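Below: the structure, in structure tokens.
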Amino acid sequence: LSPTMNWEENLFVKVVSFRQNPTLCIGNLKLEEDDFVLDVLQALCSDVIVHSDKCHLLDILDEYAISLLQTPAIIEQTIGSLLDIFNQSVEDGNVIYRAQLLHTITSILVQLEQIEHQATLFKSFTELLLETCSKVNNTPNKLLRLAACQSLQEIEVSYPGVLCRKLEYLYQMSQMEHSNICQAYMTLFVTALRNTIHLLAKQETSSAPGVLNEMLCDRTEPLKPLVLPNNLADIQLTPPQNERKLDNSIDTKELRSAVSYIMDYCAVLTHSSLFYVITELIKIFHMVPVMSPTIFKSHFLRHISSSDLPLFHSTILLKLHFGDDLVSSAENDALLDRIIILANQTSLFPAQKLLSYHWLLHYPQNKNCIPKEPCLPPYYLHKEKYFIPQIFDGFDTQLKKLTILSVLYVQSNTVPPPETLMGCISNLTKSIRKGVGGRTAATCYKILFVYYTMFSEHQAVVEEIKRFIIDIVKLHPKFASYSLDFLHVVTQKMPESSLAHDSLLDLTNHITDLQSCDVQEHFHNYMTILEKAAQMPSIDQKPTISYLSGLLDTLPMGSERDWLSGSAVLAVCRAILQHQNTSPLFQVLGEVLYKLSSQHNDIDIKDRARCLYALLMNLSSEKITNILTEAPVESRDRSQNLANLVTASANFPTAEPITRLDQSILELCRQRCRREEKEKVSEENMSLGKADDIKSYVEQLNEPTFKPHVSLTYEIQFVKDNSTQFDKIYAVQFKFKVHENYQQIPDVCIPHLSKNAACPCITLRLYPELPLPTDISVQFSFMSKDGSTYMSSMKHLNVQFSDLFLRCPCPNVLQHVNSEASDTSPPVLESVFTIGLTSSCVEALIEEHFAEFVVPTSIEVSQDCPIVDMKTKRVAIFLPRRYHLMMTFTINDDRTVVAIETDSLTILPKINALLKDIVEKWKSN
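First residue of the sequence shown: 1, per full-length UniProt numbering; consecutive thereafter.
Below is the structure:
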């Protein structure tokens, strides 16, 4: 059978489709995961698909093995099939494809931990890898041997000690390989050597003295077959534990020889491979303390001046692990000098410079000891000039430099003048004084925090920091959030500090001295400061409450008192109730809350103000504090300060999941308006009702504020087959989306709907720019009886062309437009439509569809006695936003001619189509 996916055609497109959503892709094919895997395996066996495309299929099995291979049977079949494909592809000669096969099989075995469940396949595959690696210096299969070495190393890392019995073979292969993939052999051998020593050190019973020499020199078993250890579960990859030392009775002669060979071989390794080998050798030396670390001396001296960070990092690791046993005092100073050079090297990337500064702040002065707190070696105590920020230093670099500079001053017991410290950040402070925020402000405040933590005992420095914070907020209130976060972090770090109290007291006095007109632009920033000050019991709140009372009196009572402003004032009042003694504040605070509850235009603000007012009137200060402290406050969960965000300790609440319903439980049924209601809508749109006031009517149409609307009424009904689960729903919210030709329709909210109650109606107001029909998409969300939230969609609401018809208050407007037409304003457009129905049918047709739009017509027999023309019907229609349609029906016995006039070209085809549909329906009936 051909594969279900038909991988031969558009394979890359299908692979991309699978990666976008694997579950959806398999579900659309109506397959199980096992069937999909078999489908991929069948495609890999196809001769039509080229090898480069097959590599994409192997990537799918590699990356999605955990989700696709879920049963032991399919795992065994997949591994066996891939091994058969590898063995059968020898003649193809495509090395990249065969290497990808090895990587995929290794990934499946390791990810799914199949060393025990598929022991036979695991042994066969490992023997295949060993056989492939053993063909050293085979140039045509170089890439294949590289993949085999990497696969063996992955297996050895995941299952330490699996290759311990093959250690001598790996040692020999690394010595014999002379191509550019020799590093793969070397890293494989070093990994196996370290794991072997680790296993020997873990043994409870003492081993034979020559066991390590035999593993390195005497072949205890042939290359094949592979003999797996009995304790596979014990040797799987586990979290690192304390390394045990190798028994001193074990002879390490051959180990010393092997390590010497490895160090000599390091010269031909790439930087990444060399770093890996050095770290593995360091672990070996920790397990074998009898070996001297002087063997690393040549590597240390060779790379102490390296500009390559991985190699230079290896020298720092050697200093950390071996200390004075390897590094002399002069070499240590040279290493410190080199770190300074790298930190100030302009050719390095900022991230590399930051790494150098990190090494400076946490330099290992003692063996196996990394200082947790920033601490510099004494060698740096008189090198302040290297850590003065330069004009082209980035924000992070300036922060690191000034942190090191502060540590130097502290360690040398030197207190720099405040002018010196602030001068180092003069470029930042100048930008902030000009209103520049973002990373500039964040970096400046971080540096100020470093200054404060380092020199908090020196009053001159503290006063300078406090003066800067206060002046910046007074100059640019938008920096209030930065200053408040800074004070919050200082309070958390040093609770005994008075900086927050003094700063907030000065800022509160500054705000309460401002005029109400000066507060409007930065109202929320000022209220935030007052809220934080209210949380400190040591600050008197009488001036604050009096200021808020006067502020509420001077603020206009219109839309400026929005929900956000009211919430800001309430936040200040709540903080006062929660943290202050309300006894001396009873009267003035009660007046503020009463004004909010009675004068604010937002219902939510009124309700919350009434609640706080009730607490103030009926409870003591202690009880109010207990209630507000224990009550869940929405802002308490959502407000986060800079310290929490920087330290990733923010506690954002987890939102409840919203369930989407495939079938809607509600529907909107259109309710046809009576003639009186349509006339009422027309009167709402038009302020003019007299037909003879044409000039004023035309002027009203041309006003930008003139936006007539069409009202459509719908009844909300439950779907008949709806289950009893949703017989009562709450907090129903309808969202509408309409074409860009219309103004967006606001959401409609209904607090409660029940099957047993009367069906409510909603009215939608449409404001079209052009009189064109459209569809309205509707989505609604609601809450069920158990508190779960659901969302669903409805059928689109169809707005027809005839739904846009309104009564025209000025039937003769088109005659005026035609007479006033010029080159810039086109004349009235005319058309003719013929109706082949009897006169009685036409009159009934007009009565059914256009009755509310009919205007009287007359024949002038004499000036005083007009006679109504019974054979002519005239229909005058207004179409939002400013267009008109006039139809004159000349009725005869067997044929009626309709003369159409309009001032919009888009209306003509619509009215012709409408008349045609109406006539066809009458003919069919």
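Yeah, the Cβ is synthetic: ideal placement off N, Cα and C, and Gly gets one too.
Note that the coordinates shown come from a computational prediction; the quantities given were computed from them, not determined experimentally.
Give me the residue from the options with the minimum Cα distance to residue i.
i, options, result
"valine 290", "Phe300, Val588 and Lys245", "Lys245"
"glutamine 815", "Lys871, Ile900, Arg895 and Ala851", "Ile900"
"isoleucine 576", "Ser621, Leu914, Gly566 and Ser597", "Ser621"
"histidine 358", "Leu24, Leu376 and Thr346", "Leu376"
"cysteine 182", "Thr132, Cys149, Glu168 and Ile278", "Cys149"
"residue 928", "Val157, Ile96, Phe706 and Glu630", "Given that the chain is displayed from residue 1 to residue 925, the structure contains no residue 928 and the question cannot be resolved."
"leucine 475", "Leu507, His501 and Glu464", "Leu507"
"histidine 299", "His286, Val277 and Val288", "Val277"
"isoleucine 776", "Leu797, Leu615, Ala758 and Leu44", "Leu797"
"leucine 766", "Val799, Thr789 and His117", "Val799"
"methionine 536", "Leu552, Ser549 and Pro495", "Pro495"
"aspartate 917", "His849, Glu131, Val855 and Asp903", "His849"
"aspartate 396", "His362, Ile447 and Val436", "Ile447"
Just to check my reading of the structure: residue i and residue j have Cβ atoms closer than 8 Å, yes? What is that Cβ distance to the nearest angstrom?
i, j, result
"serine 406", "methionine 454", "4 Å"
"phenylalanine 275", "leucine 311", "7 Å"
"isoleucine 658", "methionine 791", "5 Å"
"leucine 44", "valine 95", "Going by Cβ atoms, the distance from leucine 44 to valine 95 rounds to 17 Å, so no, they are not a contact pair."
"isoleucine 511", "phenylalanine 486", "No, isoleucine 511 and phenylalanine 486 are not in contact; Cβ-Cβ is about 18 Å, not under 8 Å."
Quick one: does residue i have its CB under 8 Å from some CB of chain C?
i, result
"lysine 873", "Looking for chain C here will not work: only one protein chain is present."
Between which two residues does the beta strand (DSSP E) harbouring residue i extend?
i, result
"serine 831", "829–835"
"aspartate 775", "774–783"
"threonine 763", "761–766"
"methionine 791", "789–793"
"lysine 873", "872–879"
"methionine 748", "Per the sequence shown, the amino acid found at residue 748 is valine instead of methionine. That run of the beta strand (DSSP E) goes 748–754."
Suppose you measure from the CA of residue i to the CA of residue j; what does that come to, to the nearest Å?
i, j, result
"asparagine 87", "asparagine 180", "26 Å"
"leucine 170", "alanine 65", "30 Å"
"glutamate 852", "arginine 807", "7 Å"
"threonine 450", "arginine 338", "Correcting the residue identity first, residue 450 is valine in this sequence and not threonine. Each residue's Cα considered, the two are about 26 Å apart."
"histidine 524", "alanine 568", "6 Å"
"leucine 905", "phenylalanine 889", "21 Å"
"residue 926", "leucine 355", "In the structure as shown, the chain starts at 1 and stops at 925, and residue 926 therefore has no counterpart that could be examined."
"glutamine 520", "tyrosine 526", "9 Å"
"glutamate 177", "aspartate 324", "36 Å"
"threonine 139", "glutamate 127", "21 Å"
"leucine 212", "glutamate 254", "8 Å"
"glutamine 175", "leucine 38", "42 Å"
"serine 134", "proline 209", "29 Å"
"isoleucine 115", "leucine 129", "15 Å"
"threonine 279", "threonine 187", "11 Å"
"proline 771", "lysine 921", "24 Å"
"valine 588", "lysine 728", "45 Å"
"valine 473", "histidine 501", "15 Å"
"asparagine 28", "cysteine 841", "55 Å"
"valine 489", "alanine 442", "13 Å"
Report all residues from its chain with a CB closer than 8 Å to the CB of residue i; omit the five preceding and five following residues, and keep chain order.
i, result
"leucine 335", "Ile304, Thr315, Ile316, Lys319 and Val327"
"lysine 297", "Leu326"
"leucine 101", "Leu58, Leu82, Ile85, Phe86 and Ser89"
"leucine 564", "His524"
"serine 67", "Pro22 and Glu33"
By Cβ distance below 7 Å, which residues in the same chain neighbour residue i in space, the five residues on each side in sequence not counted?
i, result
"isoleucine 26", "Glu33 and Phe36"
"glutamate 154", "Thr106 and Val110"
"threonine 196", "Gly161, Cys164, Leu167 and Met215"
"phenylalanine 18", "Cys25 and Ile60"
"lysine 532", "Leu484 and Leu504"
"proline 416", "Tyr409"
"alanine 460", "Pro418"
For the alpha helix (DSSP H) containing residue i, name the first residue and the last one.
i, result
"proline 310", "309–322"
"tyrosine 265", "253–265"
"cysteine 808", "Careful: cysteine 808 lies outside any alpha helix (DSSP H) and carries neither H nor E."
"arginine 670", "Premise fails: arginine 670 lies in the beta strand (DSSP E), 666–671, not in any alpha helix (DSSP H)."
"glutamine 398", "395–411"
"threonine 888", "Per DSSP, threonine 888 belongs to no alpha helix (DSSP H); it is in the beta strand (DSSP E), 883–891."
Going by beta carbon distance, what residues of the same chain come within less than 6 Å of residue i, once the five residues before and after it are set aside?
i, result
"glycine 566", "His600, Asp602 and Ile605"
"proline 256", "Note that residue 256 is arginine in the sequence shown here, rather than proline. Correct list: empty, nothing qualifies."
Looking at residue i and the ligand COA, is the gap between the Cβ and the nearest heavy atom below 7 Å?
i, result
"tyrosine 276", "Here there are no bound small molecules, and the ligand COA is not part of this structure."
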